[in-house]
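In this note's numbering, the protein residues as written are 498 to 579.
One structure is given here, and the rest of the page talks about it.
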Amino acid sequence: EERASGLQLGSEGGDAGRGKSRRANLPRSAVDVLRGWMESNWGRPFPSEREKSALAETTSLTISQINNWFVNARKRIWRPKV
């Protein structure tokens with residue numbers, strides 16, 4: 498019975514009709530800058546905190562967006578050969 502109520506509560510937790518907006522992609526110009534940095538630093542695509550701040554300033558993104566982009570890019574693009 499608890500399980501059923503938990504499932505029911507979970508099903509009500511969606512964002513349908515709640516006014517939440519759809520996730521937007523990052524601007525192309527920002528992605529171009531980030532991709533350019535990554536290609537220039539292919540051997541070690543891990544920007545320092547100072548480099549992240551500079552990238553955030555250049556792209557008008559937040560540090561969190563920069564961090565997330567690099568985490569995803571290293572998984573999807575970089576993939577070192579092991």
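The C-beta atom is built at its ideal place from N, Cα and C for all residues, glycine as well.
- Test item: CB-CB of residue 563 and residue 553 under 8 Å: yes
- Task: Can you give me the Cβ contacts of residue 527 inside the same chain, cut-off strictly under 6 Å, excluding the 5 residues immediately before and after it?
- Result: 556 and 558
- Between the C-alpha atoms of residue 517 and residue 532, what's the straight-line distance to the nearest angstrom? Inter-residue distance for residue 517 and residue 532 is about 29 Å (C-alpha atoms, whole angstroms).
- For residue 549, I'd like the list of residues in its chain whose CB is within less than 8 Å of its CB, leaving aside the five on either flank, ordered along the chain. Setting aside the 5 residues that flank it on each side, residue 549 is surrounded in the same chain by 560, 563 and 564, each with a C-beta closer than 8 Å to its C-beta; the list follows chain order.
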